[in-house]
Structures are given as C-alpha cells and as structure tokens.
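Going by this note's numbering, the sequence shown opens with residue 4, and the numbers climb by one from there. A virtual CB, placed ideally from N, CA and C, is assigned to each residue, including glycine.
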Amino acid sequence: MAYSHSMRKAGETGGEPPSGSGAAEIDDLTVSESFDLVGVLSTEAETAYTWDIATDRIDWESNAANVLGVPTPAEIATGALYNLLIAPEHAKLRESAIRAGAGEQSANGIPFRTQYRIQHSARRPDVQLWIEDHGRWWPDATGAPKHVRGVLRIVSDRYLEEQRLLYRNDHDELTGQLSRSRLTDALTAVISRTTRSKAPAAFMMVSINNLAVTNETFGFHAGDETIRAIARAIKDKLRSGDSVGRYSATKFGIILNDCGAGALRIAAERFMRAVRDLKIDVGNAQLSATISIGGVVIPEQAGNVHQAVGCALQALDRAKLRRTDSFVAYEASLGRESQRLRSLTVADDVMSALNADRMRLVLQPMVATATGKPAIYECLLRMEMPDGRVVSAGEFIPIAEQLGLARLIDRRTLELSIRLLKRHPEIVLSINVSSLTATDPDWLETLISSTAKEPGMTRRMIVEITETTAIHDLDQTKAFVDTLRELGCRIAIDDFGAGYTSFKNLKALKVDMVKIDGAFVKDLAADQSDQIFIKTMVDLARSFDLETVAEWVGDEESVRILTDAGIDYLQGYYYGVPIDPAVLDRQS
C-alpha cells in the first residue's frame, strides 16, 4: 500500500523536501506508486506521516488510526488534533525535539528523535501507548521548522528500562503522581489548549492540614503514609484526562479539564469528602486527615503557569484560615493585584540596580554625647533609578525582604561599606543586616576575604541586628554573633524596645550596644512615660556594660533629656540629613 496522494505530490514538487520514509534511512528511499511502505513497517506497531506546519495538516499512512487506536484518521488530521492525544506532561517533548536542531542546515533535513506517552480518552482509559517518534524536518527562510517527515513506532520491551527512567523523572517517588516539573508542563499544555479552544479548565492547590503534628506524634513514616493515602484518594476521584501532581512536601496540584467556577466547587467538595472519609492505618494507630483547597479558573483568571499557581496559592492561604477543611475560589482583588504588581516592579528595580551598580550609601552620624561630635556613621542604603531619582531604603527593603532579595542587598551593602573603610582609615561604620543574612555563608565569606589583608578593619565595624531578628532564632543568631565577634566586629541590637527581647537574651548574645527604638524618642519632650522608659533602659544597659544609642533625635530639648539620662550616642535629623560619603572625601 502506498503513500496517500498528497504525500506523493509533495515528493514530486521541486521545492519540497525529498520524499520517502522508513524505519531506518528515511532519505535514502525513493517512493513511487508501487512502493508498499506498510509492507515494510509492522501494521501493528509503526506508521509514518508528513506534517506541513504552515497549514498544520498531517498526512498519515493508512494504518495510522489502527496503530494509534483512534476511530478515524480525521481525529489526527492536524498537528493540533494529534497533540491532544499526547499526555499533557509530555506535550513539550515532541516540539522540543523537533526544534532542537534549529540553526543546522542540511539538504536532507534535520534529524530528530523523541519518546512520549499517548493518553487515550475515556473510551480506552486503560490503554497506555508509548511512542517513539523520529524523522527529519526542513526549515523555512527564518530557520523555523516548516515541514516534517517522521515515523511513529509503539515501543514496549525494547524500551522498558527507558520507560522506567522516564517514569521516575515524570512522577513523585513517594506518591506515584506527577512530579512538580511534569505537573508544570501539563498545566502549561492545558492553559495553551484552553486559550485556543476557549473551553475553561481549572487548577487547584491542595494542602494537607496538620501534617507536622502527625510527623511529631507518630513519626515520619506515618506522615508519608498519610501523603500516599491522600494522593490515592484524590487520584481515585479524578475524571479521565485530569491530572494530579505533588507540588511540594504537603501540597498537591490538580488540573481539571472542562471545568468552570461551578464545577470547580463541586470537585473540591468531592476531594475533601474523599479525604475526610479516609482511615489511614499506620500500624499502631488509625488516623484521619483533612485538606484545604484553593482553586482558579483558567484561562479566565490566569493566562500562564505563574499566574495559575500564584492565584491558587492565594486562594489556598485564605482557605487555611477557615475551618479544618475548606475550599476557597480565587477572586481578583484590586488591592492584591496592585500589591503584586508593585512587588514585581520593586524586584525588577532592585535587580537592575544591583546589576548596574546603582546602589549607593549615605551616612548618618551617631554623635557622642561626651564630645558632641560624630563618633560612628550608620550606613543607609539608597537606590539610584535609571532616570537619576534616588529611592530610600524604606521604599524597597520591606518588599525585597519578602521576595528573598535581602541577602543580595546585604552583600552589596557590605561591599560598599568595606570600600569606605579602606578609603577612610579613621571612621567607624555601622551596617544593618536582615534576618536572612544570619544564615548566609556568602556574606561572612565576603567579610572574611575582604578584610583578610587588613584584620584591624573589622574593629571599625558595628553590625546591627534588629530585635525581632535576634529573638526569631536565638541559637542561630548567637552562632552568627559569635563568628562576628571572633572577627573583631561589634554587635548592636537595633530598634530595641519594639519587641520582647530581654536583657538576659542580650547577655547571652554578648552584644555591645543597644539602639533604642525611635518610637520612644520622637515625642520624648512631651511624654513623661517615654522619659521614664529611656531612663530605665539606660540604667539596665549600664548594668550589663552595654553602650546605648537613641534614634530619631529631632530637637534640642530631646538632646538635653537624653544626655541627662546617660545615653552614649544620639542619632537623628537634629544633627542633619544623612550625608554623601563624598563629603568625607573632601574633609580628608
């Protein structure tokens, strides 16, 4: 049996790629009316095709429908229709394989080879066909694929080990469901399809409630069994064509095809009920479990994977604030969307400034009450925008910390501070670090390597840690502080009084200085209770041999009160705005 008429015609046209196909050397065969390709190929396991990407038309060998298990050739007549057969988690594999050789030039076409899984509809849910797809493609004038000739072969025993490896890459080891990367691939494919077809789909993020309690009480084997049981319960309630994957340790992602807002809620109730009814046997006990679910409709509410995951997680967070098992559908909020866009803008601005060396330091003096002269300068960060505008740290640091950028910022602050210390051998600088820096070995490595040739430099450095950071993980903070002290640095607790740190903790941390939160200083002249608080703080600090700094000093009367109370250093706008380090250059 020969190629279809359209395939023969393509081979006879001078501008088209050479015709012919086979299981081995596709380009070396000459196709004619009498050539029986199906006689060469196995009618049960192989078929061939040509694909015109511009029109998306695929011309198949006449045995293709039988090989692929579809009722008629019309169901695979275009690339888009054939892609619907490919399992969502493998949707990118074929395209990536074909495009892998982009840029190569060959009169005989550019070879490709890949394997993927065919996923049949509800008519044959038990059929799992693994396909090897190989052939050649020819580029258009831009180098993009224009025409493809290939052979499909159903593979089984020969590729059993490869399939096992592929399965392990595709699936979570504990639950047997899709891995996070394949879940993301499947979600990408579904979003692409819904965007074209306009048929809604949905994505759910599912969290197992109180799993930490199970682990602590019964052991991690009980937690693992709970995760496995919940995965099976969810899988059993999926419709054909839907997918579930493990997103993180305690979270699953579920992709639901043909699912609008109403069906999304019904499906969530089905999953929650299935988990609620579980009796999980962990040997010496029988446990129950609950889940919380957040869901989003795609593409109506989310047009890409990042948005779908983000919206589902937002909804999940709200669901977890409710009763033990609850479902919340994502609802767009102008406030949340505005904050999200603001965060994205800040992240872009910060990374751009770091990469373009547009982070700047300004210096605010700490004036010694004993001399009335600056004794220490606190390094305050500023971000210079491309248009020359300068942004203070308060406008970007809080968001940068939430987005995990604080470590990068702290490293740049350290680098800039060390440059100043080298340029001005007489100054003492105080620099701030975030909570993340206490666990950042790169920050300490930068400090050590930058001061190795001048070990005395660290004695002119004070590292400020906020009170809330200090008490968040006292053991971790103590290890960080001990390392800094060994290097010669002094330690200050910033914003003291804003949290709950006791002087006992300060003694355990072996800090050298406390900076009293400015909230107790700004109205000092008019607030008798603040004056009593300041006096008490100073007396306690002296008993622990700690130096004290008062922040936000703004008027002469406050200076008098603080000096009489025994404060060692005063810092605030009463002594002027923070200065550019260039001022020190001109003074030296």
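Counted within 10 angstroms of its Cβ, other Cβ atoms place residue i as buried (16 or more) or exposed
| i | result |
| --- | --- |
| Met207 | buried |
| Tyr380 | buried |
| Asn212 | buried |
| Gly298 | buried |
| Asp143 | exposed |
| Met369 | buried |
| Phe115 | buried |
| Ser341 | exposed |
| Gln118 | buried |
| Ala125 | The predicted model places Ala125 with a pLDDT of 40, which falls under 50 and marks its position as unreliable, so this point remains unresolved. |
| Gln590 | exposed |
| Tyr576 | exposed |
| Phe483 | buried |
| Gly265 | exposed |
| Ala77 | exposed |
| Leu324 | exposed |
| Ile29 | Unreliable positioning characterises Ile29 in this predicted model, as indicated by a pLDDT of 34, which lies under 50. A coordinate reading is not provided. |
| Pro444 | exposed |
| Pro377 | buried |
| Gln531 | exposed |
| Ala373 | exposed |
| Glu467 | buried |
| Gln405 | exposed |
| Asn66 | buried |
| Asn358 | exposed |
Beta-carbon proximity list for residue i, same chain, < 6 Å, skipping 5 on both sides
| i | result |
| --- | --- |
| Lys282 | Gln289 |
| Asp31 | Because Asp31 carries a pLDDT of 37, less than 50, the predicted location of this residue cannot be relied on, and the following value inherits that uncertainty. There are no such residues. |
| Gly509 | A small fix is needed here, since residue 509 is Leu in this sequence, not Gly. Counting only Cβ-Cβ distances below 6 Å, and skipping sequence neighbours, we find nothing. |
| Leu439 | Ala409, Arg410 |
Bridge partner(s) assigned by DSSP for residue i
| i | result |
| --- | --- |
| Gly248 | Leu181, Gly256 |
| Leu477 | BP columns for Leu477 are empty, so no partner. |
| Thr58 | BP columns for Thr58 are empty, so no partner. |
| Ile134 | Tyr119, Ile157 |
| Thr50 | Leu155 |
| Val370 | Pro377, Leu573 |
| Thr81 | Arg60 |
| Met362 | Met386 |
| Val436 | Ile468 |
| Arg139 | Pro114, Arg152 |
| Ile582 | Leu366 |
Same chain only: Cβ atoms within 7 Å of residue i, ignoring 5 sequence neighbours per side
| i | result |
| --- | --- |
| Phe523 | Gly500, Asp533, Phe536, Ile537 |
| Asp1 | Absent from the structure is residue 1, since the part of the chain shown begins at 4 and ends at 591. |
| Lys254 | Met208, Val209, Ser210 |
| Ser395 | Arg385 |
| Asn260 | Val193, Ala204, Gly244, Asp245 |
| Pro389 | none |
| Thr81 | Asp59, Arg60, Ile61 |
| Ala236 | Ala277, Val278, Leu281 |
| Arg102 | Pro148 |
Where the alpha helix (DSSP H) containing residue i begins and where it ends
| i | result |
| --- | --- |
| His224 | 223-239 |
| Ala568 | 559-568 |
| Ser453 | 444-454 |
| Leu406 | Here Leu406 belongs to no alpha helix (DSSP H), and DSSP marks it neither H nor E. |
| Val586 | 585-590 |
| Val70 | 67-71 |
Range covered by the beta strand (DSSP E) that runs through residue i
| i | result |
| --- | --- |
| Gly153 | 148-157 |
| Gly89 | Gly is not the amino acid found at residue 89; the sequence shown has Ile there. Counting along the chain, Ile89 falls outside any beta strand (DSSP E), and DSSP gives it neither H nor E. |
| Ser210 | 204-211 |
| Ile430 | Note, Ile430: premise wrong, no beta strand (DSSP E); not H, not E. |
| Glu457 | Unbroken run through Glu457: none, as it is neither H nor E. |
| Ala553 | 550-553 |
| Met464 | 464-469 |
| Val556 | From DSSP, Val556 is part of no beta strand (DSSP E); its letter is neither H nor E. |
| Val393 | 393-395 |
Same chain, Cβ closer than 8 Å to residue i, neighbours up to 5 away in sequence not counted
| i | result |
| --- | --- |
| Gln479 | Ala441, Thr442 |
| Arg345 | Ile402 |
| Ala83 | Asp59, Arg199 |
| Leu549 | Leu509, Val514, Asp515, Met516, Val517 |
Minimum Cβ-Cβ distance from residue i to chain C less than 8 Å
| i | result |
| --- | --- |
| Ser420 | Checking the listed chains, one finds no chain C in this structure; it contains a single protein chain. |
inquiry  = Suppose only complete runs of 4+ residues qualify. What are the alpha helix (DSSP H) ranges in the segment 480-537, listed by chain order?
reply    = 506-512
Length at least 3, wholly inside the segment 275-358: the beta strand (DSSP E) runs in chain order = 294-301, 330-332
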